[in-house]
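Note that this note's numbering numbers the sequence shown so that position 219 is 235, with each residue one more than the last.
Note that beta-carbon positions come from the ideal geometry of N, C-alpha and C, so glycine has one too.
Quick caveat: nothing in here was measured; it's all calculated off a predicted structure.
Read the structure below first, then the notes.
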Amino acid sequence: MLISPPLKLDLFPDTQSANKAIVHLDSLIKSNDNRLGTGFVGTAIINQTLSECGLSETAYNLLLQRKNPSWLYSVDQGATTIWERWNGYTYESGFHPQISMNSFNHYAYGAVLEWMFRYMAGINPDIDNPGFKHITLSPHIDSRNAIPTGQERITYVDASYESHYGKISSSWKINKKNGNIKYDFTIPTNTTATVILHLQDKCNKIKCNQRSLDKVAGIVSHKTDNTKSIINLLPGKYSFTVSK
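Written out as structure tokens, the structure reads:
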């Protein structure tokens, strides 16, 4: 799947070409039974690229795949780190015959953890304000309409990062009964943050700390359209609910 690197690096000549590549990449993954078909370079960026192209649902399908090759296939074989060979060890066959070229803590394949922090939890730095002086919090929840066989929807994520200014935390939870979503964020002292809530169909009523956004002192500004809400925050702890 050599499509993901040029998409990630914005190498297509125009939007039309890029959109065709996005559709083709999504099709390739689905036709491969939602399994990885990338190599050393592509695996490190595949999920990030998918989310940046609006295909987080496909990224979740890849993350939660259990067939070989996949991240969870190695985990199911006893892995506690990510291996260079997906089948570097299996319960059925033991160690792979070419064990000498198999890293058992492989950065490029393990880079999926970056996607989990940046997209599942949504914790991102602002390149114009280095060191997390300004924070972007933009979680991509598991909003898949169809769950592949053998997978389950992720309904809860909780992550934190110890920045120079203090702990940044981001969590979300989907209410299984009514579909409402609860987001909790912690913004350290001497920083600011922009929260981007991606709105789902018919689930777009937003409150913060059980109040309307206009009545929360730490909210500097907010803007909402049909697909997302952008909220600028001062330091503090905030609990948002997005409901029907």
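In its own chain, which residues sit with a C-beta less than 8 Å from the C-beta of K183, not counting the 5 before and 5 after it?
Counting only Cβ-Cβ distances below 8 Å, and skipping sequence neighbours, we find S176, Y177, T202 and P204.
Measure the alpha-carbon distance for L213 versus P155 and round it to whole angstroms.
Straight through space, the alpha carbons of P155 and L213 are spaced by roughly 7 Å.
Can you tell which of P85, S67, N161 and Q93 has the C-alpha that lies nearest to the C-alpha of G53?
Nearest C-alpha to G53: P85.
Assuming the contact rule is C-beta atoms closer than 8 Å, P164 and N77 should be a hit. Round their C-beta distance to whole Å, please.
Your pair P164 and N77 checks out as a contact, with CB atoms roughly 6 Å apart and the cut at 8 Å.
Exposed unless 16 or more other CB atoms sit within 10 angstroms - verdict on D158
By the 10 Å Cβ count, D158 comes out buried.
For E178, name the three-state secondary structure that DSSP assigns.
If DSSP states are grouped into helix, strand and coil, E178 belongs with the strands.
I'd like the list of long-range same chain contacts for T240, defined as Cβ closer than 8 Å, with 5 residues on each side in sequence excluded.
In the same chain as T240, and ignoring 5 residues on each side of it, the C-beta atoms closer than 8 Å to its own belong to L215, N220, I222 and I246, in chain order.
Where the beta strand (DSSP E) through A124 begins and ends:
From DSSP, A124 is part of no beta strand (DSSP E) but of the alpha helix (DSSP H) over Y123 to G126.
In whole angstroms, give me the CA-to-CA distance for T243 and D217.
Distance from the CA of T243 to the CA of D217, rounded to the nearest whole angstrom, comes to 8 Å.
Got a sec? Which residues, its chain only, sit under 6 Å from L71 by beta carbon, not counting five neighbours each side?
Shown here for L71: same chain residues with a beta carbon closer than 6 Å to its own, the five before and five after excluded, namely D42 in chain order.
I'd like the ranges of any alpha helix (DSSP H) spanning at least 4 consecutive residues and lying wholly in the stretch 45-99.
Runs found: 56-68, 72-79 and 87-92.
Are there 16 or more other CB atoms within 10 angstroms of the CB of I190, so buried, or fewer, so exposed?
I190 is classed as buried because its beta carbon has at least 16 other beta carbons within 10 Å across all chains shown.
First and last residue of the uninterrupted beta strand (DSSP E) at L153
It spans H150 to L153 - the beta strand (DSSP E) in which L153 sits, taken as one unbroken run.
Is it true that the CB of L25 sits closer than 8 Å to the CB of A34?
Not in contact: A34 and L25 (Cβ atoms no closer than 8 Å).
Please report the distance separating the alpha-carbon of Q64 from that of R227.
C-alpha separation (whole angstroms): 34 Å.
C-beta atoms of S67 and Y123 nearer than 8 Å:
Result no, Cβ atoms of S67 and Y123 do not sit closer than 8 Å.
Less than 8 Å between the C-beta atoms of T152 and D144, yes or no?
With contacts defined by Cβ atoms closer than 8 Å, T152 and D144 do not form a contacting pair.
Using only the alpha-carbon positions, how far apart do Y172 and R160 sit?
Whole-angstrom Cα-Cα distance: 14 Å.
Length of the line joining the Cα atoms of T210 and L249
Approximately 6 Å between the Cα atoms of the pair.
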